[in-house]
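For the sequence shown, our numbering puts the final residue at 133, and the numbers step up evenly by one.
Everything below concerns the one structure shown next.
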Amino acid sequence: MRHEREGLRADASVERAHLTVLRGSSGGHEYQVHTRHLADLDARLRENNEALMPAHLIAALADYLQAPEPALHLTPVTVTVDRLGIIRDESAGDSSVHTLNFPELTARDRRLHLAMLARISRDEALEAVEMVRDQEHRFMLI
């Protein structure tokens, strides 16, 4: 959106410069056509600005959070490795081979992230946040 807005501003600036030249050298028709184009660019810029207002962004975020599955999901992955960490084919009788089962998080940008599902109590989480907040105040910038 930012690039589009900058492009629209650049187009508007070119149109204004062109209008300045037309104002001195030509008749009314071309001037009116370019003025109309400038008004269209201005209207598009206002629409883009309106789309970026917090109310619209919050609505888009709420829609995304209601159904995040298309952009964010977990996929079960199974990998068999030996003691050196080298991926091997599954073999039932080999004791040096271990099978690892873990979820893989796939995001909208299609990067894959190893995930670990864990249950953390609310009290533990609050304690961890307070500990980090306490550590933030221990440093002093000079």
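Heads up, the beta-carbon is just placed ideally off N, CA and C, and yes, glycines get one too.
Anticipated Cβ contact below 8 angstroms, residue i with residue j, distance rounded
i	j	result
LEU(-1)	LEU48	In fact, because the Cβ distance is near 19 angstroms, the residues do not count as touching under 8 angstroms.
ARG91	VAL72	For clarity, residue 91 is Leu in the given sequence; the question names Arg instead. Confirmed, about 6 angstroms.
LEU105	GLU95	6 angstroms
ASP33	ALA1	Contact doesn't hold; Cβ gap of about 13 angstroms is too wide.
THR97	THR69	Not confirmed; about 16 angstroms, so no contact.
SER87	ARG74	5 angstroms
With 16 other Cβ atoms within 10 Å as the buried cut-off, status of residue i
i	result
GLU6	buried
LEU103	exposed
Where the beta strand (DSSP E) containing residue i begins and where it ends
i	result
LEU43	Looking at the DSSP string, LEU43 is not in any beta strand (DSSP E), and its letter there is neither H nor E.
LEU108	LEU108 -> no beta strand (DSSP E), and no H or E assigned at all.
For residue i, the three-state DSSP class (helix, strand or coil)
i	result
VAL88	coil
GLU81	coil
LEU48	helix
LEU63	coil
Pairwise C-alpha distance: residue j and residue i
i	j	result
VAL123	LEU117	10 angstroms
ARG79	LEU63	29 angstroms
ALA50	ASP125	35 angstroms
HIS28	PHE93	56 angstroms
PRO59	MET107	19 angstroms
MET44	GLU(-3)	17 angstroms
HIS(-6)	ASP54	24 angstroms
PRO61	ASP31	35 angstroms
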